[in-house]
Structures are given as C-alpha cells and as structure tokens.
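Residue numbers (my numbering): 1421 to 1980.
Even for Gly, the Cβ is constructed at its ideal location relative to N, Cα and C.
This report refers to the structure that appears directly beneath it.
Structural data, given as structure tokens:
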C-alpha cells in the first residue's frame, strides 16, 4: 500500500513537472517571438483542407509576398490589391499579434455595421476557435463588436456611424476595403490613434477610381511592387497586365484556354503548376521615393497559384462585351483603378456634342418644349434646355439642346430666368435650402417640382407626390441617362459653353458600393469636385418626364 501511495505521488509529481515544463517552454517561446510572421506560423491555425481532419499551421507557401508584409515596421501601411490575394489574412494575423504580443488594442473597421458583424462571426470567431493559443487568449469571443485579450481590446466596427468610432482610443487600426467606406470618415478613424506614442495602421482595398480611396492613399507611399527571379532566365521581373498574353477574340472563343503568363525579359512561358516556388524569392521594391514610414504594397492575380492564365483571359474577354465585367477585371483581377467609358463623361464626349451655335439669351425663336433644371448649393446653378419631341420615341430618348447655363445668388433671380426663357417645366433641388425651394415651387405652381434623390428605386420612375409638388428619383439611374446621351450624341451644347460647365460634367464617376443591407449598388461620386451642372442636366431630364406624366401633355403635344 505504501509503494502504491509513493508511486501515485511520484506520478502526480511527474505530471506536474511535465506540465510546468511545458508551460515554461511555451512562455519562453512566446516571449522570444519578435515578428508578426513568426507569431503567425507559431500560433495561427487555419481551417483544414478538403480531405483533412485537423487544422493546419498557417504558412506562406502559396502567398509568399505576405511574409514581408507581415513584418513591416512602418507606421502606416497601405495595400492596393486584387481580390483573393491574402491581404485580409495578413491584417487578421497582424491584429492578433498586436493584441497578444504587444498587449495593444486594435480597431478593425469595415464598410458597414452589417459587414462588421458578419466578418466577426465568419472570420474572427473561426480563427479564434481553430487556434488553441487564440482560444486561451480571448474572452467573450461571441461578442461581435468587442473581444478582450487581457488588457488589450479588439473593436470591430462599421465606418458609417460616427458615434461608434469617436470614443475608441487605440494604438493600432486596420481598415478593410477602404474604397467601400464613407470617405469623409477616414480621417475620423485615423484620429483614434492621435493620443498614442506608439502606433501603426494597415489600410487595404481593391481600388476603384484613379486618385480615390486606396489609390489616393497608395500614391503617397513607397508604392512597392513585388519582383522575383524568372525561373527561365533568372532576371528580376514583376507581373503586370502586360505579362498576360490573351488568346481568343471573345468569351465564346475556346482559344482563350491557350492564354499564358510570360516573362517580359526572355518572353518564355512561366509555368503555373509550381508558381509558388519561383515566387518564393520575391521581394518588394520601391517604385516611388515616398516616406519609408508610409509603405505601400501592390499585388495582382497574376501572382496567384490558384487562378490560371485562362481564367484571367476569360475575365478580360467578358469585359470586352460588358462594362461591369471590364471594371471587375481591372479592379478585382489586376488590382488597378479603372473606369469604363460608360461610367463617366469625358472631354472627348463633350467636344463631340458641341454644336455650331452660341448660348441663347432667350428662347423666343424656339417653338419647342423648354425645361429648366436647378441645383442648389452655396450658389444656385441653372440650365435651360430645348427639346425636339417626337411621338415615335420614348420621352427621354428625345434629343435635347442646351440653350444656356449659369448661376445666381438668390432664388428670386430664378423667376426672371423662368420668364426670360418661357420655361414650360422645371425641377429644382429640394435640399439644402428646402424652404426656399418650396417657395419657388409655389410661385410657379403647376410648372415646378422640388426633387429628392434616393437609391432604393431601381428604374427611372419619377414617383411624384399627389399631395405636394415634389418628386423622388433614383439618382444613379437618371445620371446614367445623362451619360448615355453624351455617348450617343443626342445632346447638343453651345460651342462657347463655359469651362466650369464642362468641368462639372466630368466630375462624377460611377462607383460600386454596398448599401446598408450589404447589397451591391452603383452610385455616382464627385470625388470631392464641384458637379452642380451635372445635376442641372439631370434635373432637366427629370423635368421632361414630370411634364409628360404630370399634366403638361397638352402643352407638350403642340410641339411633338
């Protein structure tokens, strides 16, 4: 009995010391971690692959460019990227590393609150649950917006609600899909770090428009591209769109399957099957003499081991027939800003639409239907148009001639313009001077409506109110029509139309966004530039439709 007791005590002691030794070794190992990449390969586990049961340690085998990015010590880091290139995994790992090793809090920002909640449940929670080290680190992991790791906090927020951002002081910020966010709130997000001596941030996104969002930020960085040794000629190269040879004339041409990625130096075909092997020695190199404390990293899907040259070629060929597919190829596949021609009015479009006439001081010589569109801002911008109506066309397919456009300081001056041009119907911006717009509408009862822009309606219905002289429309749908008229030249401009007018027309660009429910929508963004005459042009189109649908048919009929 005595030996049993002694033996049992010995076993307990041995188990205790074994556990103590394991804990000590783990502690020593953890304290020895000196980089984010080392932490990632030591503690981050990823979901098992098909046919496997156990989670596997994270490794950089198929995403070798990520290793160097993990270990950047720059204060600000910017990733302009194509889709599915591992950047989100990078900032996930960086977030965990900051919480764990540095004991610092992180604010992780996504476009919307819905995005934030879904991302927390689908990316953060599985990563924590799959990795034993993270499971021990975090408490209350089911709280979607806040997770605690000892004294460090992880806040997961959407970018739209200011009140959910202003009260969070942190040393580190991760911004995911920056181009989809409310751009005016970006500086507010940066301000969360202003009280910290030691701080760092990551901003990543697929780009959309030149000089906007992530591309605007990337321009002020080191703009680093990934160069590696060609496996055929050993010269240092990078992969860009110019390295993709696209075979086939259209998406139905099976010749696209012969497409290849080639070395720009030796012109040899780069093999797809072992791409990750020859990319392993790749290094990021500066292409801009920016501040080294503000690093930028660019990568595209030509570097992917899972996306073939044929897939990329097919995506490009689809873009030859569809503008949305064209945008998707360059933004999401090539990781570069790109705007299809149908998304914006160009100077060439404007020049093609200029007529051989000058602006008209009045419309007395026109036996046509006259409309006016008014945009309200610091100044009040207006445009008067003449319509050539035909019963054989849809109402807004009729060609239009701009007679004059300008601006005034006071609403009362608009009354003179209405009389001067004999305006039959007018639409005025309802905001921001609602009271003055309504008063103008009342002074010209039956011939003016004030307008609200919206995004919910998915067509060019005008949804007029019966009780009030107002109308609500889908802004993007009507601006689509304005751009279409410039593209097919069913609009004529005075030869001496002002430079200001032309500049305003070119300001707006069609951009893909997510709405509050996470649905993909298209909006027009003026990129911070004045665009008032684009809206006067749009209001004229709405005015014609309002007149046709709202009781002016008799007057219009005389001119058809």
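field: Buried/exposed call for residue 1753, threshold 16 Cβ in 10 Å
entry: Buried, since its Cβ has 16 or more Cβ neighbours within 10 Å.
- request: Could you tell me the distance, in whole angstroms, from the CA atom of residue 1829 to the CA atom of residue 1609?
  value: CA-to-CA, the gap between residue 1829 and residue 1609 works out to about 36 Å.
- prompt: How big is the Cα-Cα spacing for residue 1443 and residue 1517?
  reply: Per-residue confidence for residue 1443 stands at a pLDDT of 45, beneath the threshold of 50, marking its modelled position as unreliable; the derived number appears in the next sentence. Residue 1443 and residue 1517: Cα-Cα distance of roughly 20 Å.
field: Selected residue, minimal CA-CA separation from residue 1614, among 1495, 1603, 1628, 1563
entry: The residue with the shortest Cα to Cα distance from residue 1614 is 1495.
3 or more residues per run - each beta strand (DSSP E) lying fully within the stretch 1682-1741: Assignment of beta strand (DSSP E) within the stretch 1682-1741, counting only whole runs of 3 or more residues, yields 1703-1706, 1714-1719 in chain order.
message: Against chain B, does residue 1677 count as a neighbour if the rule is that its beta carbon must be under 9 Å from one of theirs?
response: Within the model displayed, chain B is absent; a lone protein chain is all it includes.
- request: Taking 8 Å as the threshold, find out whether the stretch 1622-1637 comes into contact with the stretch 1544-1559 through three or more Cβ pairs.
  value: The stretch 1622-1637 is not in contact with the stretch 1544-1559.
- request: Identify every residue that forms a DSSP beta bridge with residue 1644.
  value: Beta-bridge pairing links residue 1644 to 1706, 1717.
message: Whether or not the stretch 1938-1952 and the stretch 1782-1789 are in contact is what I'm after, with contact meaning three or more pairs of Cβ atoms, one per stretch, closer than 8 Å; do they touch?
response: No, because fewer than three Cβ pairs between the stretch 1782-1789 and the stretch 1938-1952 fall closer than 8 Å, the two stretches do not touch.
Residue range of the alpha helix (DSSP H) that includes residue 1897: The continuous alpha helix (DSSP H) containing residue 1897 extends over residues 1895-1907.
- request: Give the secondary structure of residue 1533 by DSSP, where H, G and I count as helix, E and B as strand, and everything else as coil.
  value: It is helical.
- prompt: Which stretch, first to last residue, makes up the beta strand (DSSP E) that contains residue 1497?
  reply: In the DSSP assignment, residue 1497 falls within the unbroken beta strand (DSSP E) covering 1496-1501.
task: Following the continuous beta strand (DSSP E) through residue 1933, name the residue where it begins and the one where it ends.
output: Secondary structure note for residue 1933: its beta strand (DSSP E) is the uninterrupted segment 1929-1934.
- prompt: What number of angstroms, rounded off, separates the C-alpha of residue 1521 from the C-alpha of residue 1901?
  reply: Note on geometry: alpha-carbon atoms of residue 1521 and residue 1901 lie some 55 Å from one another.
task: Could you tell me how far apart the beta carbons of residue 1898 and residue 1961 are, in whole angstroms, since I believe they sit closer than 8 Å?
output: Contact between residue 1898 and residue 1961 holds, since their C-beta atoms are separated by about 6 Å, short of 8 Å.
- prompt: If you follow the beta strand (DSSP E) that residue 1567 is part of, which residue opens it and which one closes it?
  reply: That run of the beta strand (DSSP E) goes 1566-1569.
- prompt: In the structure shown, what three-state DSSP assignment does residue 1552 receive?
  reply: Helix.
message: Three or more C-beta pairs under 8 Å: does that hold for the stretch 1790-1802 against the stretch 1763-1773?
response: Contact between the stretch 1790-1802 and the stretch 1763-1773 is absent, because fewer than three Cβ pairs lie under 8 Å.
- request: Measure the alpha-carbon distance for residue 1589 versus residue 1539 and round it to whole angstroms.
  value: Near 22 Å, if we compare the C-alpha coordinates of residue 1539 and residue 1589.
- prompt: Where do the N-terminal and C-terminal ends of the alpha helix (DSSP H) with residue 1999 fall, by residue?
  reply: Since the first residue shown for the chain is 1421 and the last is 1980, residue 1999 is missing from the structure and cannot be characterised.
- request: Evaluate residue 1379 with the Cβ neighbour count: other Cβ atoms within 10 Å of its Cβ, from every protein chain shown; 16 or more gives buried, anything less gives exposed.
  value: It is not possible to answer for residue 1379, since the shown part of the chain is limited to 1421 through 1980.
- prompt: With DSSP run on the structure shown, which of helix, strand or coil describes residue 1482?
  reply: Residue 1482 sits in coil when the DSSP states are folded into three classes, being neither helix nor strand.
message: On a Cα-Cα basis, can you pick out the residue from 1632, 1534, 1623 that is closest to residue 1757?
response: Per the Cα distances, 1632.
task: Answer yes or no: do residue 1533 and residue 1580 have a C-beta to C-beta separation smaller than 9 Å?
output: Yes, the pair counts as a contact, with Cβ atoms nearer than the cut-off.
Sequence-distant residues of the same chain with beta carbon closer than 6 Å to residue 1729, five excluded per side: The residues are 1679, 1680, 1681.
query: Alpha carbon to alpha carbon, how far is residue 1876 from residue 1894?
result: In this predicted model, residue 1876 has a pLDDT of only 48, less than 50, meaning its place in the structure is not dependable; the value taken from the coordinates is given anyway. The alpha-carbon atoms of residue 1876 and residue 1894 are separated by roughly 7 Å.
- request: Tell me whether residue 1891 sits in a helix, a strand or coil according to DSSP, three-state version.
  value: Strand.
field: Spatially closest choice to residue 1696 from 1480, 1455, 1964, 1916, by CA coordinates
entry: With distances taken between Cα atoms, residue 1696 lies closest to 1480.
field: In DSSP terms, what residue 1465 is bridged to
entry: DSSP lists 1477 as partners of residue 1465.
query: For residue 1874, which residues from the same chain have a beta carbon less than 8 Å from its beta carbon, with the 5 sequence-adjacent residues on both sides left out?
result: Excluding sequence neighbours, residue 1874 sits near 1892, 1893, 1894, 1895.
- prompt: Is it the case that the Cβ atoms of residue 1850 and residue 1872 are separated by a distance below 9 Å?
  reply: Yes.
task: Can you say whether residue 1916 is buried or exposed, counting buried as having 16 or more other CB atoms within 10 angstroms of its CB?
output: Per the 10 Å Cβ criterion, exposed.
C-alpha gap between residue 1911 and residue 1835, whole angstroms: Just so you know, the alpha carbons of residue 1911 and residue 1835 end up roughly 26 Å apart.
message: If contact is defined by three or more beta carbon pairs under 8 Å, each pair taking one atom from either stretch, is the stretch 1705-1715 in contact with the stretch 1636-1654?
response: Note that the stretch 1636-1654 touches the stretch 1705-1715; at least 3 beta-carbon pairs, one per stretch, sit closer than 8 Å.
field: Beta-carbon separation (whole angstroms), residue 1733 vs residue 1667, contact threshold 8 Å
entry: Sure, about 7 Å apart at Cβ, within 8 Å.
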